[in-house]
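Participant:
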Amino acid sequence: MDIVLAGIKWQSCLVYIDDIIVFSPTFEQHVHDLSIVFDRLTNTGLTLKASKCDFCRRELKYLGHLITTDGIKPDPGLVASVQLFPQPTKIKDIQSFLGLTGYYRKFIKDYAKIAEPLISQLRSHQKSNRAMNHIERSDKCTKAFEELKTALTQAPILQTPNFNEPFILEIDACDYGLGAILSQEYDNQQFVIAYASRTQTAAERNYFPTEKEALAIYWATKHF
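Numbering (the UniProt record's numbering), first residue to last: 1 to 224.
(1) Below 8 angstroms on the Cβ atoms is my guess for Val-4 versus Leu-60; work out the distance and round it to an integer in Å.
(2) Indicate whether Gly-99 and Leu-78 have their beta-carbon atoms separated by less than 7 angstroms.
(3) Could you pull out every residue in the same chain whose Cβ sits closer than 8 angstroms to the Cβ of Met-1, ignoring the five residues on either side in sequence?
(4) Does the distance from the CB of Phe-191 to the CB of Gln-159 come in under 7 angstroms?
(5) What did DSSP end up calling Ser-138 once you bin it into helix, strand or coil?
(6) Given Arg-105, which residues of its chain have a CB within under 6 angstroms of its CB, disregarding the five upstream and five downstream residues?
(7) Rounded to the nearest angstrom, how far is the Cβ of Ile-151 from that of Ile-181, given a contact under 8 angstroms?
(8) Mark Gly-179 as exposed unless 16 or more other C-beta atoms lie within 10 angstroms of its C-beta, in which case mark it buried.
(9) Reducing DSSP to helix, strand and coil, say where Asp-33 ends up.
(10) Is the beta carbon of Ile-135 less than 7 angstroms from the beta carbon of Ile-91?
(11) Using a Cβ-Cβ cut-off of 8 angstroms (strictly less than) and excluding sequence neighbours within five positions of Phe-27, which residues of its own chain qualify?
(12) Leaving out the 5 sequence neighbours to the left and right, which residues in its chain are closer than 8 angstroms to His-223 when beta-carbon positions are compared?
(13) Should Gly-177 be labelled buried (16 or more other beta-carbon atoms within 10 Å of its own) or exposed?
(14) Using only the alpha-carbon positions, how far apart do Phe-163 and Gln-184 sit?
Next up, the structure:
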């Protein structure tokens with residue numbers, strides 16, 4: 001599909017495996033862009049199944065995200081699933097919860113910092129080579145669990161990047177984590193494109209503060 005839509009991908013359409021999204025600033029332009037995509041598909045002998053197509057939508061659910069004219073939001077249905085997630089009682093519960101919330105970590109500022117108690121519990125369990133079993137509840141883990149739920153519920157609308165404008169990269173390094181915010185400025189207002197964060201390795205936690213800040217710059221630049 002990348003070959004079929006070469007030259008217009010990222011310009012007027014996006015592709016993931018066999019899913020195609022065509023985006024345009026106006027309805028007239030959208031009709032024109034759709035026509036180009038249809039011609040490409042027709043010329044290569046590919047067909048579309050009408051029942052699986054949506055046309056001329058102002059918002060669309062795609063890969064767990066709600067894409068709107070205002071920006072990108074988490075899929076409300078999956079956010080509801082996070083809200084209904086019960087308090088973890090087993091290691092596999094923590095894994096499932098972190099897997100679900102981790103998919104939306106770009107919406108959550110300092111995700112790794114908030115999730116650290118849960119990640120730490122997983123890490124210590126893996127080091128002990130114990131079988132999956134019940135976990136001991138702790139105030140830190142309970143707080144992290146509830147904070148992640150709240151953060152996802154209050155997640156901001158992320159903006160799509162404009163590659164014709166400069167980017168703003170803010171970084172932060174605490175004792176055990178790295179964080180970054182990628183944003184752009186329009187009309188004297190700053191809009192977030194994505195958040196990123198990760199925990200530090202055991203060796204990195206021994207770095208001096210200036211070394212951690214340098215590491216954060218390197219990691220964030222490479223990440224984005």
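For glycine and all other residues, C-beta sits at the position ideal for the given N, C-alpha and C. This one's a predicted model, so the numbers in the text were calculated from it and none came from an experiment.
Facilitator: Here's the rundown:
(1) Position 4 of the sequence shown, counted from the start, is the residue given in the question as residue 4. Position 60 of the sequence shown, counted from the start, is the residue given in the question as residue 60. The beta carbons of Val-4 and Leu-60 sit about 21 angstroms from each other, so the pair does not count as a contact at 8 angstroms.
(2) Position 99 of the sequence shown, counted from the start, is the residue given in the question as residue 99. Position 78 of the sequence shown, counted from the start, is the residue given in the question as residue 78. It is not a contact, given that the beta carbons lie outside the stated cut-off.
(3) Locating residue 1 in the sequence shown gives position 1, counting from the first residue. Shown here for Met-1: same chain residues with a beta carbon closer than 8 angstroms to its own, the five before and five after excluded, namely Val-15, Ile-17, Asp-18, Ile-20 in chain order.
(4) Translated into the one-based positions of the sequence shown, residue 191 becomes position 191. Translated into the one-based positions of the sequence shown, residue 159 becomes position 159. Their beta carbons are under 7 angstroms apart, which means Phe-191 touches Gln-159 by this criterion.
(5) Position 138 of the sequence shown, counting from 1, holds the residue named residue 138. Of the three classes helix, strand and coil, the one that applies to Ser-138 here is coil, per DSSP.
(6) Stepping through the sequence shown from its first residue, residue 105 is reached at position 105. So the list reads Tyr-111, once near-sequence residues are dropped.
(7) As a first step, residue 151 is located in the sequence shown; it is residue number 151 there, counting from the start. As a first step, residue 181 is located in the sequence shown; it is residue number 181 there, counting from the start. Sequence check: residue 151 is Ala here, not Ile. The pair is not a contact, with the Cβ atoms about 14 angstroms apart (cut-off 8 angstroms).
(8) Counting from one through the sequence shown, the residue named residue 179 turns up at place 179. Buried: at least 16 other Cβ atoms inside 10 Å.
(9) On the sequence shown, residue 33 is found 33 positions in, with the first residue counted as 1. Helix.
(10) Within the sequence shown, the letter at position 135 stands for residue 135. Within the sequence shown, the letter at position 91 stands for residue 91. Yes, these two residues count as a Cβ contact at 7 angstroms.
(11) Working through the sequence shown from its first residue, we reach residue 27 at position 27. Excluding residues within five positions, the ones whose Cβ falls inside 8 angstroms are Cys-56.
(12) Start at 1 with the first residue of the sequence shown, and residue 223 comes out as number 223. For His-223, where only same-chain residues beyond five positions count, the Cβ hits under 8 angstroms are Ala-180, Ala-196.
(13) Locating residue 177 in the sequence shown gives position 177, counting from the first residue. With 16 or more Cβ atoms within 10 Å of its Cβ, Gly-177 is classed as buried.
(14) If you number the sequence shown from 1, residue 163 lands on position 163. If you number the sequence shown from 1, residue 184 lands on position 184. Rounded to the nearest angstrom, the two C-alpha atoms are 10 angstroms apart.
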